[in-house]
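Visitor: Here it is: the structure, laid out below.
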Amino acid sequence: MDVKEKLSKIGQEQLLKYESELTEEQKKALYEQIESLDFSVVKNIEHLHKPEKRGKITPLKSLELPEIQAREAEYRKVGVDALKAGKVGAVLLAGGMGTRLGSNDPKGMYNVGLTRDLYIFECLINNMMDVVRETGTYFHLFVMTSDLNYDSTTKFFKEKKNFGYPDEYVHFFKQEMAPCCDYNGKVLLERKDKVAVSPNGNAGWFQSMKRTGVLDIVKKNNIEWLNVFAVDNVCQRICDPVFVGATILEKRSVGAKVVRKNTRDEKVGVMCLEDGHPSIVEYYELTDELMDLTDERGERVYNFGVILNYLFNEKELEEIVDKSLPYHLAEKKIPCLDENGNEVKPETPNGCKFEQLVLDMIYLSSSCLPFEVVREREFAPIKNKTGVDSVESARELLKKNGVEL
Ligand code: UTP
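Every position in the sequence shown, counted from 1, becomes a number in the numbering used here once 2 is added.
Now the structure itself:
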């Protein structure tokens, strides 16, 4: 089927509206982009402004700090052994757009230093080096980028010599892109020769590792566990031996680092069971009744927020990856062409992008261990420039943890 036919079949012929104005080269690029995209995601627009259907939410017990402290030595030993045996790798999710931070560079290139340069990527590598020193072994790091930030990310790592992490342990791959559409489900053009696209969320990483061949490195090295983490938490502990050991010893297929909520209604997703599956319920889905539900100790049961740091069992992921993950909608300001064909950057949301979310991977997993960590030590996300979850708040926590800025 040729491109025109493909588009007319799905009602997206507008993407070729300016074809006659394009050079042969531009036309070729546009056609290739159209061929590479999965337009079926757009049908999800029908769910816009409708609450997502959820199953029955029940509590999932977390492993709390006192229990972890009581068995720390045991967990640590198992984790260190697994790391020493090369069974654990790390996956850095760095394909996001970081729009709230408002920098044109990848978020990891943001300099949080005050009297010296200290980049977000550097903070993460420094944290990894603590584990390297403890175990005496390097572990593989897989860095997910998108089409939009692959070149700048790889160039930056090269320039900075991976902040001291050996080349043979650092691998980059690209995630998939998804088309963006207007409120009528019509896919937008960003330019006359380019469809508007955005990274397809933070859950496609395993599939992208498979597609790009990076998974072969995992298999060749007999890596059994993958610790996935977000780029923006500068206090993130990566491949933490105690966490690894606890997940293995408690025989779960996923470990999820969680923090105790600051307030009963803090805006974080919390771990739960949904129809008996491990899952995450978003703060806006928690009714007052669920929010205040307590256990026999009088402690709130939906009280542990996820921080995007998960340890996945690789074998089980192979099974999950074949089940398709749903797409979620996000209303965004999408740069596009106006009715006269001029490129515009809208001031208000003008359509939707589509994302797969890690919570759906958790739902497909057979078991999950929510593992409590000390918030002040391990959770300093940078989403905004100022205020909550910002460069400012992260700097405060970095300082508290003894990092010179
Ligand atoms: P966020 O949901 O905070 O999104 O990502 P973001 O793109 O970084 O920031 P905003 O919303 O545009 O301001 C959480 C983590 O998931 C990664 C991000 O890089 C970050 O580590 N991510 C997100 C991806 O790797 N790919 C995506 O498509 C989306």
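C-beta atoms are modelled at their ideal positions from N, C-alpha and C, and glycine is treated no differently.
The structure presented is a predicted model; accordingly, all values stated were derived computationally and were not measured.
Cβ atoms of Cys370 and Val256: under 7 Å apart, would you say?
Guide: Counted from its first residue, the sequence shown places residue 256 at position 254. Counted from its first residue, the sequence shown places residue 370 at position 368. Contact: yes.
Visitor: Taking the runs of the alpha helix (DSSP H) that are 4 residues or longer, which of them lie wholly in the segment 175-256?
Guide: Whole alpha helix (DSSP H) segments, 4+ residues: 207-214, 217-222, 243-251.
Visitor: In whole angstroms, what is the alpha-carbon distance linking Tyr365 and Ile322?
Guide: Residue 365 sits at position 363 when you count from the first residue of the sequence shown. Residue 322 sits at position 320 when you count from the first residue of the sequence shown. The straight-line gap from Cα to Cα measures roughly 10 Å.
Visitor: Please classify Tyr365: does DSSP put it in a helix, a strand, or coil?
Guide: Within the sequence shown, numbered from 1, the residue matching residue 365 stands at position 363. Note: Tyr365 maps to helix in three-state DSSP.
Visitor: Buried or exposed: which applies to Ala382, given that a residue is buried once 16 or more other Cβ atoms fall within 10 Å of its Cβ?
Guide: Numbered from 1 along the sequence shown, position 380 holds the residue referred to as residue 382. Its Cβ being crowded by 16 or more others within 10 Å, Ala382 is buried.
Visitor: Can you tell me whether Leu95 sits near the ligand UTP, meaning its C-beta is under 6 Å from at least one heavy atom of the ligand?
Guide: For this step, residue 95 is matched to residue 93 along the sequence shown. Because some heavy atom of the ligand UTP lies under 6 Å away, the Cβ of Leu95 counts as near it: yes.
Visitor: Report the residue from Leu9, Asp290, Leu65 whose alpha carbon sits nearest the alpha carbon of Glu252.
Guide: Residue numbering aside, residue 252 sits at position 250 when the sequence shown is read from its first letter. Among Leu9, Asp290, Leu65, the Cα nearest to that of Glu252 belongs to Leu65.
Visitor: Could you tell me how far apart the beta carbons of Leu191 and Leu339 are, in whole angstroms, since I believe they sit closer than 8 Å?
Guide: Start at 1 with the first residue of the sequence shown, and residue 191 comes out as number 189. Start at 1 with the first residue of the sequence shown, and residue 339 comes out as number 337. Confirmed, Cβ separation roughly 5 Å.
Visitor: Just to check my reading of the structure: Leu313 and Val244 have Cβ atoms closer than 8 Å, yes? What is that Cβ distance to the nearest angstrom?
Guide: Counting from one through the sequence shown, the residue named residue 313 turns up at place 311. Counting from one through the sequence shown, the residue named residue 244 turns up at place 242. With 8 Å as the limit, Leu313 and Val244 do not qualify as a contact, their Cβ atoms being about 11 Å apart.
Visitor: In angstroms with no decimal places, state the Cα-to-Cα distance between Lys194 and Ser395.
Guide: Counting from 1 along the sequence shown, the entry for residue 194 is found at position 192. Counting from 1 along the sequence shown, the entry for residue 395 is found at position 393. Distance between the alpha carbons of Lys194 and Ser395: 41 Å.
Visitor: So, with DSSP's three-state summary, where would you put Glu69?
Guide: Your numbering for residue 69 matches position 67 in the sequence shown. Helix, per DSSP.
Visitor: What would DSSP say about Gln35, mapped onto helix, strand or coil?
Guide: Counted from its first residue, the sequence shown places residue 35 at position 33. Three-state result, Gln35: helix.
Visitor: Using the rule of at least 16 other Cβ atoms within 10 Å of the residue's Cβ for burial, across every protein chain shown, is Asp324 buried or exposed?
Guide: Residue 324 sits at position 322 when you count from the first residue of the sequence shown. Exposed is the call here.
Visitor: Relative to the ligand UTP, is the shortest distance from any of its heavy atoms to the C-beta of Pro201 smaller than 6 Å?
Guide: Walking along the sequence shown from the start, residue 201 turns up at place 199. Under cutoff, so the answer is yes.
Visitor: When you measure from the CB of Thr137 to every non-hydrogen atom of the ligand UTP, does any distance come out below 6 Å?
Guide: By 1-based counting over the sequence shown, the position of residue 137 is 135. Flag unset: Cβ of Thr137 not near the ligand UTP.
Visitor: Arg160 by DSSP, collapsed to three states: which one?
Guide: In the sequence shown, residue 160 corresponds to position 158, counting from 1. Reading off the sequence shown, one finds Lys at residue 160, where the question assumed Arg. Residue state, collapsed to three classes: helix.
Visitor: Beta-carbon separation of Val43 and Phe356 under 7 Å?
Guide: Within the sequence shown, numbered from 1, the residue matching residue 43 stands at position 41. Within the sequence shown, numbered from 1, the residue matching residue 356 stands at position 354. For Val43 and Phe356, yes; Cβs fall inside 7 Å.
Visitor: In whole angstroms, what is the alpha-carbon distance linking Leu183 and Ala198?
Guide: For the purposes of this step, residue 183 is identified with residue 181 of the sequence shown, where counting begins at 1. For the purposes of this step, residue 198 is identified with residue 196 of the sequence shown, where counting begins at 1. Looking at the sequence shown, residue 183 is not Leu but Cys. Using only the alpha carbons, I get a separation of about 8 Å.
Visitor: Less than 7 Å between the C-beta atoms of Tyr329 and Asn129, yes or no?
Guide: For the purposes of this step, residue 329 is taken as the residue at position 327 of the sequence shown. For the purposes of this step, residue 129 is taken as the residue at position 127 of the sequence shown. No, these two residues do not count as a Cβ contact at 7 Å.
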